[in-house]
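K.L.:
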Ligand SMILES: [Zn+2]
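Residue numbers (full-length UniProt numbering): 1 to 260.
1. Return yes when the Cβ of residue 188 is within less than 8 Å of the Cβ of residue 220, no when it is not.
2. Note down, in chain order, each residue of its chain lying with its Cβ closer than 7 Å to the Cβ of residue 97, except the 5 sequence neighbours on either side.
3. Within the present structure, is the beta-carbon of residue 219 separated from the nearest heavy atom of ligand 1 by less than 7 Å?
4. Do you know whose CA, among 104, 128 and 123, lies nearest residue 115's CA?
5. Consider the C-beta atom of residue 215 and the heavy atoms of ligand 1; say whether any pair is separated by less than 7 Å.
6. Under 8 Å: do the region 247-257 and the region 84-99 share three or more Cβ pairs, one atom per stretch?
7. Following the continuous beta strand (DSSP E) through residue 96, name the residue where it begins and the one where it ends.
8. Along the chain, where does the alpha helix (DSSP H) that runs through residue 159 open and close?
9. According to DSSP, is residue 172 helix, strand or coil?
10. Check each candidate in 206, 216 and 63 and name the one with the smallest Cα separation from residue 37.
11. In this structure, how does DSSP classify residue 222 when only helix, strand and coil are distinguished?
12. Taking the C-alpha atoms as reference points, what is the distance between residue 259 and residue 214?
13. Figure out for me which residue from 227, 134 and 172 has the closest Cα to the Cα of residue 147.
14. Considering only the beta carbon of each residue, do residue 152 and residue 237 sit closer than 8 Å?
15. Considering only their Cβ atoms, is the gap separating residue 247 from residue 164 smaller than 8 Å?
16. Can you tell me whether residue 225 sits near ligand 1, meaning its C-beta is under 7 Å from at least one heavy atom of the ligand?
17. I need the boundaries of the beta strand (DSSP E) containing residue 106, first residue and last residue.
18. In the DSSP output, what is residue 181 paired with across the bridge?
19. What are the start and end residues of the alpha helix (DSSP H) that includes residue 231?
20. Count the C-beta pairs between the region 45-57 and the region 18-37 that are closer than 8 Å, then say yes if the count reaches three, no if not.
21. List the endpoints of the continuous alpha helix (DSSP H) containing residue 75.
22. Who are the Cβ neighbours of residue 154 in its own chain at under 8 Å, not counting the five residues just before and after it?
23. If you follow the alpha helix (DSSP H) that residue 244 is part of, which residue opens it and which one closes it?
24. Evaluate residue 77 with the Cβ neighbour count: other Cβ atoms within 10 Å of its Cβ, from every protein chain shown; 16 or more gives buried, anything less gives exposed.
25. Distance, Cα to Cα, residue 139 vs residue 150?
26. Leaving out five residues on either side along the sequence, give the residues of the same chain with a beta carbon under 6 Å from the beta carbon of residue 178.
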């Protein structure tokens with residue numbers, strides 16, 4: 001073995017290095033605590049190659065090469081489900097969705113003093129001072145979605161509850177992070193509990209809001225997502241699988257409150 005080959009054999013990767021194996025690049029993390037090589041896909045769809053301290057670079061690359069198929073499959077999956085949530089500007093004409101329709105923002109100098117956004121002649125009217133303050137403007141829009149969404153959904157819950165033969169829960173619309181809906185059982189036996197819907201849900205078309213309502217109502221009878229649960233959802237909504245897929249697909253494109 002030549003001295004050059006010896007050197008190559010002994011070369012160890014440095015933490016933070018970037019390596020490319022068969023056209024796929026990955027960041028190297030070297031750790032003294034680690035005993036084995038590993039590959040992870042990060043939330044932003046980048047790859048990390050974890051290397052135990054002192055192990056040669058060639059061995060790390062061999063490991064990555066041996067797992068190429070797994071990496072390609074993972075990256076594809078991550079790409080298909082990656083959130084694409086846009087950020088919005090609080091400027092005249094910016095587009096917002098409500099129940100599947102689009103409405104443009106109108107920035108007004110004569111908006112009402114209560115600071116509440118209103119839907120007037122197909123436009124969402126926001127006070128100029130709110131539009132100029134990111135946090136205030138965002139809060140006013142979220143408040144509008146909560147009020148409008150609740151007013152719409154409250155009449156929707158009753159017929160679904162009747163169809164599914166479940167008690168009608170209390171309803172609120174609020175910020176649930178990235179969840180569309182949640183259900184909390186009541187305190188006593190037979191108490192219908194409380195359903196919460198996330199405000200971003202109300203950007204979606206009505207049939208998808210209905211799916212989430214039916215889903216949460218099914219939890220009045222069945223907790224968890226076992227076979228019994230989906231049987232009940234299917235009874236109420238035979239096409240629930242298509243709606244759930246559509247919710248996943250459209251949902252990742254909805255505005256989640258980010259202002260730019
Ligand atoms: Zn659920």
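Glycine included, C-beta positions come from ideal geometry on N, C-alpha and C.
Owing to the predicted nature of the structure, the values given are computational and were not obtained by experimental measurement.
P.N.:
Walking through what the data contain:
1. The answer is no: Cβ separation not under 8 Å.
2. So the list reads 203, once near-sequence residues are dropped.
3. Answer for residue 219: yes, Cβ within range of ligand 1.
4. It is 128.
5. Remark: the shortest separation between the CB of residue 215 and any heavy atom of ligand 1 falls under 7 Å.
6. The region 247-257 is in contact with the region 84-99.
7. If you look at residue 96, you'll find it in the beta strand (DSSP E) that goes 95-98.
8. Residue 159: member of the alpha helix (DSSP H) spanning 134-164, first to last residue.
9. Judged by DSSP in its simplified three-state form, residue 172 adopts strand.
10. The shortest C-alpha separation from residue 37 is found at 63.
11. Residue state, collapsed to three classes: coil.
12. Between residue 259 and residue 214, the C-alpha separation is close to 31 Å.
13. Taking only the C-alpha atoms, the option nearest residue 147 is 172.
14. Not a contact, by the Cβ cut-off of 8 Å.
15. Against a cut-off of 8 Å, the Cβ pair of residue 247 and residue 164 comes out as no contact.
16. The answer is yes for residue 225.
17. 101-108 is the span of the beta strand (DSSP E), which, as asked, contains residue 106.
18. Among the bridge pairs identified by DSSP, residue 181 is matched with 197.
19. Where residue 231 is concerned, the enclosing alpha helix (DSSP H) stretches over 227-236.
20. Verdict: yes, contact present.
21. That run of the alpha helix (DSSP H) goes 68-81.
22. Closer than 8 Å at Cβ, skipping near neighbours: 171.
23. Its alpha helix (DSSP H) spans residues 240-251.
24. Exposed: under 16 other Cβ atoms inside 10 Å.
25. When rounded, the distance between both Cα atoms is 16 Å.
26. None.
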